[in-house]
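J.: Protein chains in written order, with this note's numbering: chain U, 1 to 247; chain Z, 1001 to 1013.
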C-alpha cells in the first residue's frame, strides 16, 4: 500500500534515521594487547553492536513485514558483513587504521598479536582504501548496508509455503526500493550517465569483497573460539553458531 | 526463546 508510494528520497531518509549511534567499548585497554585481550575487546564490541543492529534492521521500512523466519535468517547470514561495512565506514578517513569504535582504534601492525587476524585486517584496509578512492557518501553507505541485509539470504532459501512465498516477494520489492535509492543517491552527485552506471557497478562489486572478508572472519572467530582464546557468549554466540552448526 | 528472536519481537523502545 503506502510503501509502494515511498520514493527513494523518503526511503533514504528513513534508513539514515535508523542508523545506530556511536558505540563505545568502554574498557581500559591494556597495551600491549595479548591475543586474548584483543579478541575479548573485539567480541565484546561486536556483541554490543549486534543488539543495536537488530534495532536498526527493524527500522528499515518493510523489514518487519517480512516473515519472522526471513528476518532471522537475513540477520544470521549477514551480521558480520554489516559489522565490517560499519567498520570500513568509520575508518574511511583514517588510512592504515581500523576504527572499531571511538575508543578502540587499531593500527594494522597491532593485528600481529592475534594469529591469523592480520590477513583479515589487510583485506578490511584494502576495502577501506577502495571506498576512500570512490569517496563513498553517507547516503550510499546506508543503502549498501541495507542491500547487504536484504540480499544476504536470497540464493540459499527456497520458499515452500504461501507465507514464505509472500515474504519472498516482499523481500524482492524491498530490494528494488533499496536499489532505486542507491541509484537516486548516485544521481545526485553530478556525474554523467555513464559515470553513474560505473559507480553503481563499482560500489556493488565491493559487496562481494565484503562477503569474502566476512567468511574469512567467521572462520577465524570459530577457530579462536575452538582454541579457547576467547569466550564467545550471548547474542554473538547465537549468531556465530548459526553460521557453523548447519551442515 | 533465543535472544535474537526476543530482540526482534519486542516493541521498539
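We treat Cβ as the ideally placed atom computed from N, Cα and C, and that holds for glycine.
Hey, residue 45 of chain U and residue 60 of chain U: beta-carbon distance below 8 angstroms or not?
T.: Counted from its first residue, the first chain places residue 45 of chain U at position 45. Counted from its first residue, the first chain places residue 60 of chain U at position 60. Cβ distance not < 8 angstroms, so residue 45 of chain U and residue 60 of chain U don't count as in contact.
J.: So with CB distances below 7 angstroms, who are the chain Z contacts of residue 235 of chain U?
T.: Residue numbering aside, residue 235 of chain U sits at position 235 when the first chain is read from its first letter. Result: 1003 and 1004.
J.: Just to confirm, is the Cβ distance from residue 207 of chain U to residue 147 of chain U under 8 angstroms?
T.: Within the first chain, the letter at position 207 stands for residue 207 of chain U. Within the first chain, the letter at position 147 stands for residue 147 of chain U. Yes; because the gap between Cβ atoms is below 8 angstroms, this pair is in contact.
J.: Mapping the DSSP letters down to three states, classify residue 99 of chain U as helix, strand or coil.
T.: Residue mapping note: residue 99 of chain U aligns to position 99 of the first chain, counting from 1. It is a strand residue.
J.: At the 8 angstroms Cβ level, is residue 25 of chain U part of the contact set with chain Z, yes or no?
T.: Residue mapping note: residue 25 of chain U aligns to position 25 of the first chain, counting from 1. With 8 angstroms as the cut-off, residue 25 of chain U does not count as an interface residue toward chain Z.
J.: Please list the partners that residue 164 of chain U has in chain Z, where partner means a Cβ-to-Cβ separation under 9 angstroms.
T.: Position 164 of the first chain, counted from the first residue, corresponds to residue 164 of chain U. Here the premise fails: no neighbours, minimum Cβ distance about 17 angstroms.
J.: Near residue 113 of chain U, which residues of its chain fall below 8 angstroms by C-beta distance, leaving aside the five closest residues on each side in sequence?
T.: Taking the first residue of the first chain as position 1, residue 113 of chain U is located at position 113. Result list for residue 113 of chain U: 32, 33, 34, 35 and 38, in chain order.
J.: Using a beta-carbon distance below 8 angstroms, is residue 160 of chain U in contact with chain Z?
T.: Locating residue 160 of chain U in the first chain gives position 160, counting from the first residue. Answer no: the Cβ-Cβ gap between residue 160 of chain U and chain Z never drops below 8 angstroms.
J.: Just to confirm, is the Cβ distance from residue 52 of chain U to residue 8 of chain U under 8 angstroms?
T.: Walking along the first chain from the start, residue 52 of chain U turns up at place 52. Walking along the first chain from the start, residue 8 of chain U turns up at place 8. No, the Cβ-Cβ distance between residue 52 of chain U and residue 8 of chain U is not below 8 angstroms.
J.: Could you please give the first and the last residue of the uninterrupted beta strand (DSSP E) stretch that includes residue 105 of chain U?
T.: Looking up residue 105 of chain U in the first chain gives position 105. Element bounds for residue 105 of chain U: 104 to 107.
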